[in-house]
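Q: In the numbering used here, the protein residues as written are 6 to 93.
The beta-carbon is built from N, C-alpha and C at its ideal position, and this holds for glycine as well.
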Amino acid sequence: MASITFDTHEFIKTLEKAGFDEKQAEAVALAFKNAQREAEVATKEDIALVRSEVREMEHRLKADLIKWMAGLLLAQAALVATLVKLFS
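1) Helix, strand or coil for Phe16? Go by DSSP, reduced to three states.
2) CB Lys28 to CB Phe11, shorter than 8 angstroms?
3) Look at the alpha carbon of Met62 and the alpha carbon of Val55, and state the distance between them as a whole number of angstroms.
4) Specify the secondary structure class of Glu45 as computed by DSSP and reduced to three states.
5) Taking Leu35 as the reference, give the member of Thr48, Glu50, His14, Lys22 with the closest Cα.
Structure (structure tokens):
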């Protein structure tokens with residue numbers, strides 16, 4: 006997973022403007038940065054990779070399904086031909 010950039014200095018300044026003292030603002034910024042690092046966030050690249058893998062799997066499944074259907078169709082035709090010969 007790719008990391009997300011985070012401007013701690015700007016975050017601390019914002020907290021200080023909201024009434025936090027410097028120590029509190031730094032502690033909150035550190036806690037937020039640590040939580041963000043531990044979180045597994047999907048990026049656009051991650052989502053694109055999953056989409057391409059799903060698309061590839063869909064194509065493989067479709068090909069397998071067509072093979073099975075063709076095989077069953079041939080088996081059915083052979084069965085019908087055998088039954089016609091047997092009962093005629």
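A: In short:
1) In the structure shown, Phe16 falls within a helical segment according to DSSP collapsed to helix, strand and coil.
2) Going by C-beta atoms, Lys28 is not nearer than 8 angstroms to Phe11.
3) Answer to the nearest angstrom: the Cα atoms are 10 angstroms apart.
4) Of the three classes helix, strand and coil, the one that applies to Glu45 here is coil, per DSSP.
5) Cα-wise, what sits closest to Leu35 is His14.
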